[in-house]
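Let me begin by presenting the structure, written as structure tokens, before commenting on it.
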Amino acid sequence: MRAVIARTYVALSGAILFVVGVVGFFRHEMFNLTFPPAHNAFHLASGAIALWAGFGKPVDRPRLFGLIFGAVYTLVAIAGFAGLRDLGPIQLGLNTHYNFIHLGVGLLSLAAGFAGAKPAAAQ
Numbered sequence: 174m175r176a177v178i179a180r181t182y183v184a185l186s187g188a189i190l191f192v193v194g195v196v197g198f199f200r201h202e203m204f205n206l207t208f209p210p211a212h213n214a215f216h217l218a219s220g221a222i223a224l225w226a227g228f229g230k231p232v233d234r235p236r237l238f239g240l241i242f243g244a245v246y247t248l249v250a251i252a253g254f255a256g257l258r259d260l261g262p263i264q265l266g267l268n269t270h271y272n273f274i275h276l277g278v279g280l281l282s283l284a285a286g287f288a289g290a291k292p293a294a295a296q
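Numbering (my numbering), first residue to last: 174 to 296.
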């Protein structure tokens, strides 16, 4: 059951991220948030990888994705709260709203990762 929850979360978050990435290239402002091209590219890449993990064959793929993705997005949120707005020359346009969104997505992804199925050798 926990593996199904992890797989569903990863597939659903992948679809949302992918759609937000595509729409962001056409509408640069949505929901009081600004979406620079680099930010959209990260959403597209994250969404595509999440879809691959959510619909892939190995049952441990959503777990691995949730742990890695969750750690990265949580670190992005922490860096944002510490004052990071862009990634060097790459304009991401991070702000407090983004930081809370990234923190929520990161923590949910970590929860899905920890709930997901472990590799068969580890069980």
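Yeah, the Cβ is synthetic: ideal placement off N, Cα and C, and Gly gets one too. Source: prediction; values computed, not measured.
Rounded to whole angstroms, what's the CA-CA distance from residue i to residue j? Just pull it up for me.
i, j, result
"I189", "I263", "23 Å"
"H270", "N205", "9 Å"
"F336", "G229", "With the chain running from 174 to 296 in the structure shown, residue 336 is simply not present."
"G187", "E202", "21 Å"
"L185", "V177", "12 Å"
"A223", "K291", "17 Å"
"F215", "G197", "11 Å"
"L257", "L265", "10 Å"
Residues in the same chain with beta-carbon distance under 7 Å from residue i, minus the five sequence neighbours each way, listed in chain order, please.
i, result
"Y246", "H275, V278, G279, S282"
"Q296", "The predicted model places Q296 with a pLDDT of 49, which falls under 50 and marks its position as unreliable, so this point remains unresolved."
"G253", "L267, Y271, N272, H275"
"G261", "none"
Determine the contact status of residue i and residue j, defining contact as a CB-CB distance below 9 Å.
i, j, result
"V183", "A226", "yes"
"P235", "A179", "yes"
"A285", "G243", "yes"
By Cβ distance below 6 Å, which residues in the same chain neighbour residue i in space, the five residues on each side in sequence not counted?
i, result
"S219", "L190"
What residue ranges within the region 220–260 form continuous alpha helix (DSSP H) runs of no fewer than 4 residues, ordered along the chain?
Those alpha helix (DSSP H) runs which fall completely within the region 220–260 and span 4+ residues are 234–254.
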